[in-house]
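**Q** Residue numbers (the numbering used here): 25 to 553.
We put the CB at the ideal spot given by N, CA and C, even for glycine.
Would you mind keeping the following structure in view while I ask a few things?
Now the structure itself:
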């Protein structure tokens, strides 16, 4: 395909003023598995008119170049695009993608760098400019690693060339102005990380069209804004300190692994500045609940009830979370990051698992007390163990990742119950049986507390279904996350203290009746003599 100059000018105008021509962009992000998103992008745009006779230009169909937005440099083998009628739209070839990307990028800087170039040095400067443009084409079409190498070699060559005494002073100033422009090189580095994709479609200039793109994107797992926390710690801002950041991060990961805390997913909204109305809709599978969704710029902001903001919009439902930003034409937009906090859904399956763990706790205590009805003990130990094992491994892959901690604990609980059932079936109770029963009862009690917190504990939800809405709606998302973590840690420490008390009581009163008429004086008498 020949890249017609008119269509390139039209595309340049769209990229220069995206808030004017790209009216709406919706990115529907579905958690396909524990490593990938399934993304569906719907973009509504208006084709600009360029000719002097605009009525005549809008009469006939033309082969238009349509920008699809910025995408990751990761390979997207399953991406495809369709128009409103459902017809599949073709992509530009790789070489043409590089040409268009380089023309759009260089067009942003050409006027700035050539402003002070005289006619005497313009010819030589143009030759250098074409060489730079060829390097930008390689940056667009290369991988991340290859693009970084191209940028390094390009900068090195320009620096060597600027020290050449054979070139004129005008050209030397031209090169030094390019090398001194940090925004040029930072923008080129961004171009090495992401790519701008284009498609072709027939349409009339001045018309409004909708295109839909579908592809799979890799799901990153990393701490929420860890770089910002480290930077604030170095600067001494807020209450964060460099020594506490690893501890807090380890605490968040531990709570998330246990299932009593949230797991954060971070996604960069790299196309935020490419549409006047930008929406991202997260869809989570059954078994996982979105509890908070917020922009990085709003992580410390408290909602103001009296002030209705139309710029930022966030809505969290039982299975979906939507976040949007709206900008007017000419309004400055800043890059931002979108965060989604997910957690194991509070369901009847969690309640059943907690009930089974409590039953196994009673079975362990029953056997540890030395009751002679070992057949009944084996029956009670084997049945919950089987059911707990059935609950341990099932569900969506992302759900299994989020719930890996409780599933591991359930699997251990099932194994302990099954082992105790086997030992009891041998009709040889003894010291080993007592140890197994004691461990099973204490472990089951610990597991019951964790599952009960997953089922009934506060989560700091930022939605309409929050039981603590009177508090969460008045505080920032960061405070909600901190409040949830502090409450979970306090509960776990208190429950651990209760487990230790129960363990000491069982160990000291193995052959005595605990719930007698003297309870709890009998326990205090045994403990303190």
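In terms of DSSP beta bridges, what is residue 241 paired with?
**A** Counting from one through the chain shown, the residue named residue 241 turns up at place 217. Bridge partners of residue 241: 61.
**Q** Would you mind sorting residue 95 into buried or exposed? The rule is 16 or more other CB atoms within 10 Å of its CB.
**A** Looking up residue 95 in the chain shown gives position 71. Burial call: buried.
**Q** Who are residue 317's beta bridge partners in DSSP?
**A** On the chain shown, residue 317 is found 293 positions in, with the first residue counted as 1. 364.
**Q** What does a CB cutoff of less than 7 Å around residue 471 pick up in its chain, not counting 5 residues either side in sequence?
**A** As a first step, residue 471 is located in the chain shown; it is residue number 447 there, counting from the start. The residues are 381, 433, 437.
**Q** Within the segment 422-507, note down every full alpha helix (DSSP H) run reaching 4 residues or more, in order along the chain.
**A** Those alpha helix (DSSP H) runs which fall completely within the segment 422-507 and span 4+ residues are 428-449, 455-480, 493-496.
**Q** In chain order, what residues of the same chain lie with their CB nearer than 6 Å to the CB of residue 64, ignoring the 5 residues before and after it?
**A** Locating residue 64 in the chain shown gives position 40, counting from the first residue. Here the set comprises 52, 238.
**Q** Under DSSP, the beta strand (DSSP E) around residue 187 begins and ends at which residues?
**A** If you number the chain shown from 1, residue 187 lands on position 163. Premise fails: residue 187 is in no beta strand (DSSP E) and is neither H nor E.
**Q** Along the chain, where does the beta strand (DSSP E) containing residue 50 start, and where does it finish?
**A** For the purposes of this step, residue 50 is identified with residue 26 of the chain shown, where counting begins at 1. Counting along the chain, the beta strand (DSSP E) containing residue 50 begins and ends at 46-55.
**Q** Using beta-carbon positions only, say whether residue 236 and residue 66 come within less than 8 Å of one another.
**A** Along the chain shown, one-based indexing puts residue 236 at 212. Along the chain shown, one-based indexing puts residue 66 at 42. For residue 236 and residue 66, yes; Cβs fall inside 8 Å.
**Q** Report the rounded CA-to-CA distance for residue 387 versus residue 307, giving the unit in angstroms.
**A** Counting from 1 along the chain shown, the entry for residue 387 is found at position 363. Counting from 1 along the chain shown, the entry for residue 307 is found at position 283. Distance between the alpha carbons of residue 387 and residue 307 is about 41 Å.
**Q** Please classify residue 324 as buried or exposed, where buried requires at least 16 other C-beta atoms within 10 Å of its C-beta.
**A** Numbered from its first residue, the chain shown carries residue 324 at position 300. Answer is exposed; the Cβ neighbour count stays below 16.
**Q** Tell me which residues share the same chain as residue 370 and place their Cβ nearer than 6 Å to its Cβ, disregarding the 5 neighbours each side in the sequence.
**A** In the chain shown, the residue the question calls residue 370 occupies position 346. 479.
**Q** Does the distance from the C-beta atom of residue 461 to that of residue 444 stay below 8 Å?
**A** The residue you call residue 461 lines up with position 437 of the chain shown. The residue you call residue 444 lines up with position 420 of the chain shown. Yes, the Cβ-Cβ distance between residue 461 and residue 444 is below 8 Å.
**Q** In this structure, does DSSP put residue 224 in helix, strand or coil?
**A** In the chain shown, counting from the first residue as 1, residue 224 sits at position 200. Reduced to three states, the DSSP call for residue 224 is strand.
**Q** Under DSSP, the alpha helix (DSSP H) around residue 157 begins and ends at which residues?
**A** Counted from its first residue, the chain shown places residue 157 at position 133. First-last of the alpha helix (DSSP H) with residue 157: 143-165.
**Q** Where does residue 114 land, buried or exposed, given buried means 16+ other C-beta within 10 angstroms?
**A** Against the chain shown, residue 114 aligns to sequence position 90. It counts as exposed.
**Q** So residue 496 packs on residue 505, CB below 8 Å; how close in whole Å?
**A** Walking along the chain shown from the start, residue 496 turns up at place 472. Walking along the chain shown from the start, residue 505 turns up at place 481. So it is not a contact: roughly 11 Å between Cβ atoms.
**Q** Considering residue 344, what are the terminal residues of the beta strand (DSSP E) in which it resides?
**A** If you number the chain shown from 1, residue 344 lands on position 320. It spans 344-350 - the beta strand (DSSP E) in which residue 344 sits, taken as one unbroken run.
**Q** Around the Cβ of residue 465, are there at least 16 other Cβ atoms within 10 angstroms (buried) or fewer (exposed)?
**A** In the chain shown, the residue the question calls residue 465 occupies position 441. The residue is buried, with at least 16 neighbouring Cβ atoms inside 10 Å.
**Q** Determine the direct distance from the alpha carbon of residue 232 to that of residue 68, and round the result to whole angstroms.
**A** Sequence index remark: in the chain shown, residue 68 carries index 44 (1-based). Sequence index remark: in the chain shown, residue 232 carries index 208 (1-based). Looking at the two C-alpha atoms, the distance is approximately 7 Å.
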